[in-house]
Structure formats: structure tokens, C-alpha cells
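Okay, so here's the structure we're looking at.
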Amino acid sequence: MFLDFLMEPRNIRTACWDPQKAGGYLKERKLDVVYGPINSRRLGLSLGINPIQSVGENTLPFACNWSCVYCQYGADGLDESVKKGRIRFATLEEIKAGLEERLSSNEHYDSVTICGPTEPTISPYFDDIVNLAVEMRDRYRPEIKTSLFTNATKLRSRNVLPLDYVFMKLDAGNEKTFKRFNRPRGVKFDDLVDELKSADVKRRIIQTAVIGGKDGNIEDLENGSYVKVINEINPDEIHLYPLLYRPFPRFDLSAISREKLESLGEYIRNSTDSQVKTFFNPVNIGEEFRF
Numbered sequence: 001m002f003l004d005f006l007m008e009p010r011n012i013r014t015a016c017w018d019p020q021k022a023g024g025y026l027k028e029r030k031l032d033v034v035y036g037p038i039n040s041r042r043l044g045l046s047l048g049i050n051p052i053q054s055v056g057e058n059t060l061p062f063a064c065n066w067s068c069v070y071c072q073y074g075a076d077g078l079d080e081s082v083k084k085g086r087i088r089f090a091t092l093e094e095i096k097a098g099l100e101e102r103l104s105s106n107e108h109y110d111s112v113t114i115c116g117p118t119e120p121t122i123s124p125y126f127d128d129i130v131n132l133a134v135e136m137r138d139r140y141r142p143e144i145k146t147s148l149f150t151n152a153t154k155l156r157s158r159n160v161l162p163l164d165y166v167f168m169k170l171d172a173g174n175e176k177t178f179k180r181f182n183r184p185r186g187v188k189f190d191d192l193v194d195e196l197k198s199a200d201v202k203r204r205i206i207q208t209a210v211i212g213g214k215d216g217n218i219e220d221l222e223n224g225s226y227v228k229v230i231n232e233i234n235p236d237e238i239h240l241y242p243l244l245y246r247p248f249p250r251f252d253l254s255a256i257s258r259e260k261l262e263s264l265g266e267y268i269r270n271s272t273d274s275q276v277k278t279f280f281n282p283v284n285i286g287e288e289f290r291f
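Counting in the numbering used here, the sequence shown runs from 1 upward without gaps.
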């Protein structure tokens with residue numbers, strides 16, 4: 001989810017490609033519990049909340065129930081990360097202190113976003129984090145928005161209705177592509193679709209990465225299966241965006257052109273009742289960039 005948030009921005013903090021890592025993961029500094037702001041086209045200047053923290057020398061938290069082929073963070077799940085002592089859950093006290101310090105300052109923000117290198121809904125404190133984020137927003141910056149980036153696999157058991165925007169992940173139109181592309185742990189595609197349909201949100205927003213190559217998902221998005229599922233979910237909005245990578249050691253992925261993205265967007269727009277937005281702002285991780 002973090003990648004979805006960071007691939008649209010301009011220049012907050014530095015990361016660089018590490019070809020020595022399996023999969024070519026990013027080397028990066030640890031994220032603070034409250035970090036940013038991130039400059040996002042969708043959210044403006046957004047203050048981030050990272051609910052799951054890495055421990056010790058580990059710069060990558062490694063805790064997600066997906067292991068997407070395009071993700072830079074590797075494949076360890078929650079149980080492995082806890083067992084290996086790689087992660088800890090940020091406390092409400094830490095989050096409150098960080099939000100109070102930043103939101104009470106003179107710095108400009110347009111939103112507060114719950115999003116980190118791991119799936120944020122995994123945190124056992126997630127519901128309280130949502131309530132705290134909304135409370136701090138209402139106290140210090142009532143004019144700004146609150147948001148969440150999530151893979152949506154736990155939404156029915158999580159309190160997300162207080163948030164203004166919930167960006168929910170859907171990169172596939174069937175079980176086969178879902179397993180190959182998102183590589184979930186213990187999650188079936190039909191269950192994900194049910195989560196997306198029944199999530200108690202103010203506005204149903206689907207975000208989809210569009211990637212070419214043998215291991216990409218572009219063919220699945222174009223062959224009708226994705227549109228069929230979208231019509232079942234009936235979201236208010238669909239956000240399509242490309243990712244541009246240096247070749248992966250393990251996966252055949254390639255960037256799509258602006259024309260390809262716009263063509264896909266037009267096809268989905270004409271085949272559904274949803275508002276479709278395309279965000280063509282690929283980042284070449286082969287070069288140093290700032291976010």
C-alpha cells in the first residue's frame with residue numbers, strides 16, 4: 001500500500017534502488033511513526049501515520065498478508081516478522097504525540113493518511129488509530145481530510161467509516177491473476193471481492209496498479225474479467241496508475257505508456273458506472289528520487 005501512496009509524489013525523502021537485494025528492494029531510512037508530508041496528487045500535502053515499525057537495524061518492516069510482484073518490501077508475513085523481532089506496533093501514545101506536534105505547528109497539511117510499508121489494518125490498535133487520527137484532525141485541523149491506503153482484506157472487521165477516503169486495492173479480475181500478481185497469504189479472491197463490496201466506507205474508491213510484462217497484469221485488466229468484478233463492486237471511483245521499474249531479477253515487469261493507460265481507462269469508463277481517473281506519473285527506481 002505504501003508504494004501506491006509514494007509512487008505519485010514529489011520529493012520528500014530519498015530512496016535508491018539496491019540491485020543486490022533479491023527482487024531489487026529499496027534501501028531506505030526508517031519511517032517515523034508520524035512522517036512526511038508526502039506531496040500527493042490525490043491528497044495534497046499529506047501527513048502520514050505508520051502503524052507498524054521496524055526494530056533495530058531492520059529498515060524494512062516486512063509484515064503484510066500479500067507479497068505483490070511489484071512491491072519492494074519482500075515476502076515475510078506478520079507471524080514471521082513478529083517471531084523474528086523485526087517489527088513492533090506503534091503505540092497510541094506515540095501516534096498522538098506525533099500528530100499533536102505536527103498538526104499544532106504552522107506547517108501546511110491537506111490530509112492525514114494512515115499508510116506505511118506494511119498493511120496498516122494488521123495493527124491490533126487499528127480501530128483506535130482511526131479514531132485518534134480523526135480526533136486530532138478535528139481538534140487541530142478540522143478543514144483537512146483523513147484517509148487510508150489498504151489492500152482491503154480486513155475491512156469488514158475494521159472501523160474505517162470515520163475516514164474521509166479509503167483507497168482499496170484491486171489489481172486483478174480473477175483468482176489466477178490475483179495469486180500470481182499479488183501473491184496473497186491465506187486470502188481468496190472471492191473473499192477480497194466480498195470485502196470490497198461490503199466495506200462500510202463513505203466513498204468506495206478502488207486503486208489499481210497497471211503493469212506490463214510477462215508477470216504484469218495488463219492483459220487481465222483488458223480481457224473483461226476485471227470489468228466484470230468492478231461492476232459487482234460498483235465503486236464510486238477507480239484510480240489507475242502505472243509503475244516503472246528497472247528489470248527485476250525474479251519478475252518480468254515493464255512500464256506501460258501514457259496512451260496505453262488512457263486507453264485502458266476509457267475502456268473501463270465505458271464498461272462501468274464508476275468514475276475512472278488515470279494517474280500517469282511513473283517513477284524510475286533505477287534513478288535516485290525523493291518522496
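Here a beta-carbon is modelled for each residue, glycine too, at the ideal position from N, C-alpha and C.
None of the values given here were measured: they were computed from a predicted structure.
Beta-carbon separation (whole angstroms), P242 vs Y125, contact threshold 8 Å: Not confirmed; about 34 Å, so no contact.
Kindly indicate the opening and closing residues of the alpha helix (DSSP H) around N231. 225-233
Does the distance from the CB of I238 to the CB of Y70 come in under 8 Å? no
Look at R258 and F279 and say whether their C-beta atoms are less than 8 Å apart. no
CA-to-CA distance, F178 to D215, given in whole angstroms: 11 Å
Counting only the same chain and skipping the five closest in sequence on each side, list residues whose C-beta sits under 6 Å from that of S225. G173, N174
Under 8 Å between C-beta atoms of D110 and L43: yes
Would you call the CB atoms of V112 and L47 closer than 8 Å? yes
Cutting at 6 Å between CB atoms, please list the residues of its own chain near P9, excluding the five before and the five after it. Confidence is the limiting factor: at P9 the pLDDT is only 36, short of 50, which leaves the residue's position unreliable and the question unanswerable from this model.
Below 8 Å between beta carbons: does that hold for V130 and P162? yes
Would you mind giving the Cβ-Cβ distance between I49 and I95, rounded to the nearest angstrom? I have them listed as a contact below 8 Å. 6 Å
So, helix, strand or coil for R102, using DSSP? helix
Return the CA-CA distance between L31 and R137, expressed in angstroms with no decimal places. 21 Å
With 16 other CB atoms within 10 Å as the buried threshold, where does P142 fall? exposed
Hey, E119 and T150 are a contact pair by Cβ (cut 8 Å); roughly how many whole angstroms apart? 7 Å
With F178 as the anchor, note down where its beta strand (DSSP E) starts and where it stops. It is not in any beta strand (DSSP E) - F178 carries neither H nor E in the DSSP assignment.
Using only alpha-carbon positions, find the residue among S254, I218, S54 that is nearest to T208. I218
Between which two residues does the alpha helix (DSSP H) holding R88 run? Counting along the chain, R88 falls outside any alpha helix (DSSP H), though it belongs to the beta strand (DSSP E) covering 87-89.
Look at the Cβ atom of L264, then the Cβ atom of E232, and state whether they are nearer than 8 Å. no
Just how far apart, CA to CA, sit R180 and L253? 13 Å
For Y70: DSSP bridge partner residues: Y70 is not bridged to any residue.
Can you check which of these residues, G213, A90, R183, M168, is closest to R203 by C-alpha distance? M168
Pull up the distance between the alpha-carbon of V55 and that of Y35, whole angstroms please. 17 Å
Contact defined as beta carbons within less than 8 Å: I believe P235 pairs with I268. What is the distance between those atoms, to the nearest angstrom? Between I268 and P235 the Cβ distance is about 11 Å, and since that is not below 8 Å, they are no contact.
Every unbroken beta strand (DSSP E) within the region 145-190, with a cutoff of 3 residues, ordered by chain: 145-150, 165-169
Once the 5 residues before and after A199 are set aside, which same chain residues still bring their CB inside 6 Å of it? L155
Which residues in the same chain as L45 place their Cβ atom closer than 7 Å to its Cβ, once the five residues preceding and following it in sequence are excluded? P37, N39, H108, Y109, D110
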